[in-house]
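In the numbering used here, each number is its position in the sequence shown, counted from 1, plus 22.
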Amino acid sequence: MTVNNLVFICYGVPLVIVYGISLISVVSIRKRFTTLTTFVPIYALTAAVNLLTYVNAWLALRLYQEQFFNFYYHFVNQFFILSLVHQYLVGLFYFAQNINSSLLTIDRFVYIVKPNWVDKWRIHWWKVAASLYALVGVLNFFVAGFDSYIVSAYIYNEATDSFIMKTRTGARINVFIGIEAITGIIFVVFCATINDRSFFFISLTIFISQSCNIIIIAMYFYCYVVSYNRQVLSIVLIDMLYISDVFSLGPGLYTLLVPGPIRRATVRVVLPATARISPSTDTQTSLTSISGRIKLYHQK
23 MTVNNLVFIC YGVPLVIVYG ISLISVVSIR KRFTTLTTFV PIYALTAAVN
73 LLTYVNAWLA LRLYQEQFFN FYYHFVNQFF ILSLVHQYLV GLFYFAQNIN
123 SSLLTIDRFV YIVKPNWVDK WRIHWWKVAA SLYALVGVLN FFVAGFDSYI
173 VSAYIYNEAT DSFIMKTRTG ARINVFIGIE AITGIIFVVF CATINDRSFF
223 FISLTIFISQ SCNIIIIAMY FYCYVVSYNR QVLSIVLIDM LYISDVFSLG
273 PGLYTLLVPG PIRRATVRVV LPATARISPS TDTQTSLTSI SGRIKLYHQK
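The following block contains the structure:
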């Protein structure tokens with residue numbers, strides 16, 4: 023196994039487990055907090071997309087380097103549609119992660135800063151999400167060049183008994199990376215503005231990790247399109263995979279590290295015998311905190 027893939031596994035597996043625990047914790051307290059009515063489904067959607075992104079990144083960008091997984095890529099080459107699906111999902115999930123992070127940020131902004139918008143948000147948030155998903159799905163299809171002629175992305179080398187990844191014929195890589203960078207910058211500016219007013223630390227940590235991801239993508243765009251440098255490009259690509267994992271698996275860890283009812287629920291999930299925090303105390307603490315934040319905002 024390559025060194026990079028070994029490192030990916032060493033931190034990836036524990037983070038996947040942590041993400042699962044955080045999701046269970048969030049779901050376990052959903053009925054006790056009216057302020058989490060929409061947060062829980064959005065968080066669950068985010069978790070599903072992030073975990074699928076992680077799995078797809080392994081299949082699309084990493085495991086083809088490992089001989090023990092050659093059987094899968096021989097199968098992919100026989101049914102080339104699978105290769106297209108993997109490549110399509112790489113782009114789609116990137117856009118979807120930005121959408122989900124924006125939804126989380128908007129959700130906290132509405133509940134903390136604009137409580138008079140809560141009822142409308144509860145009714146229409148999924149419509150907003152579905153519309154944005156449909157938009158980026160179509161955008162990803164055409165911008166990435168899936169409407170043009172394609173060839174298999176995985177080429178088998180009999181001499182080395184291994185696969186190499188080849189860029190698809192007709193793939194508009196420079197355009198696609200440019201669109202990724204532009205949409206990422208829009209996301210960063212939007213969430214920076216909202217986060218400044220929503221006082222929600224979890225969405226802020228997700229925003230910071232995605233900002234790092236955008237910086238790497240912008241560097242990749244510059245090295246590929248503006249000033250082609252193959253050596254720097256390969257380094258940036260590896261860094262992009264690491265940063266992508268931080269954005270995909272990091273939210274589960276951020277959620278558990280931030281003090282609050284979610285972390286306390288995690289203690290009850292992991293150590294039920296030692297947890298001695300009553301639901302009423304938990305609820306009162308959270309509601310007092312949110313009330314204080316709302317008053318602080320209106321005093322400004």
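Even for Gly, the Cβ is constructed at its ideal location relative to N, Cα and C.
Practice item. Enumerate in chain order the residues of its own chain whose CB-to-CB distance from residue 78 is below 7 Å, with the five nearest sequence positions on each side excluded. Key: 108, 111, 112 and 115
Check your understanding: Ends of the alpha helix (DSSP H) at residue 284?
Key -> 283-292
Point to revise | Of the residues 24, 23 and 33, the one placed nearest residue 268, counting alpha carbons only | key: 33
Practice item. Tell me whether residue 309 sits in a helix, a strand or coil according to DSSP, three-state version. Key: Unreliable placement is indicated for residue 309, whose pLDDT of 43 sits below 50; the coordinate value is still reported in the next sentence. Reduced to three states, the DSSP call for residue 309 is helix.
Review point. Would a C-beta distance cut-off of 8 Å place residue 62 and residue 49 closer than the cut-off?
Key: yes
Practice item. Note down the Cα distance separating residue 212 from residue 96, rounded to an integer number of angstroms. Key: 43 Å
**Study point:** Run of the alpha helix (DSSP H) containing residue 116, from where it starts to where it stops
**Key:** 103-134
Check your understanding: Are residue 24 and residue 89 close, meaning C-beta to C-beta below 8 Å?
Key -> no
Check your understanding: Are the segment 235-244 and the segment 148-164 in contact at 8 Å, needing three or more beta carbon pairs?
Key -> no
Exercise for review: Name the two residues that bound the continuous beta strand (DSSP E) containing residue 251.
Suggested key: Note, residue 251: premise wrong, no beta strand (DSSP E); not H, not E.
**Study point:** residue 93: first and last residue of the uninterrupted alpha helix (DSSP H) it sits in
**Key:** 92-100
Exercise for review: Could you please give the first and the last residue of the uninterrupted beta strand (DSSP E) stretch that includes residue 185?
Suggested key: 184-187
Check your understanding: What span of residues does the beta strand (DSSP E) with residue 179 cover, start to end?
Key -> 176-179
Check your understanding: Among residues of its own chain, excluding the 5 on either side of residue 132, which ones have a beta-carbon nearer than 7 Å to its beta-carbon?
Key -> 139, 140 and 143
Check your understanding: Contact check, residue 68 vs residue 26 under 8 Å by CB: the rounded distance?
Key -> Actually they are not in contact, since the Cβ atoms of residue 68 and residue 26 sit about 26 Å apart, beyond 8 Å.
Review point. Three-state secondary structure (DSSP) at residue 55?
Key: coil
**Study point:** Same chain, Cβ closer than 6 Å to residue 180, neighbours up to 5 away in sequence not counted
**Key:** none
Practice item. For the alpha helix (DSSP H) holding residue 63, just list the boundary residues, first then last. Key: 61-79
Practice item. Out of 274, 53 and 93, point me to the one whose CA is closest to residue 38's CA. Key: 274
Review point. Alpha carbon to alpha carbon, what distance is there between residue 244 and residue 281?
Key: 39 Å
Practice item. Spell out whether any CB of chain D is found under 8 Å from the CB atom of residue 147. Key: No chain D is present in this structure, which holds just one protein chain.
**Study point:** Simplified DSSP state of residue 262, which is helix, strand or coil
**Key:** helix
Check your understanding: CB-CB under 6 Å to residue 85, same chain, minus the five flanking residues each way: which ones, in chain order?
Key -> 91
Review point. If you draw a straight line from the C-alpha of residue 56 to the C-alpha of residue 137, how long is it?
Key: 12 Å
Exercise for review: Please state if the CB of residue 47 and the CB of residue 291 are separated by a distance shorter than 8 Å.
Suggested key: yes
**Study point:** Residues near residue 285 in its chain [Cβ-Cβ closer than 6 Å; skip 5 each side]
**Key:** 278
Review point. Where does residue 23 sit, in a helix, a strand or coil, going by DSSP?
Key: coil
Check your understanding: Apart from the five residues on each side of it in sequence, which residues of its chain come closer than 7 Å, Cβ to Cβ, to residue 300?
Key -> Any reading at residue 300 is ruled out, since the residue's pLDDT is 46, under 50, leaving its predicted position unreliable.
Review point. In the structure shown, what three-state DSSP assignment does residue 168 receive?
Key: coil
Check your understanding: How is residue 280 classed by DSSP in three states: helix, strand or coil?
Key -> coil
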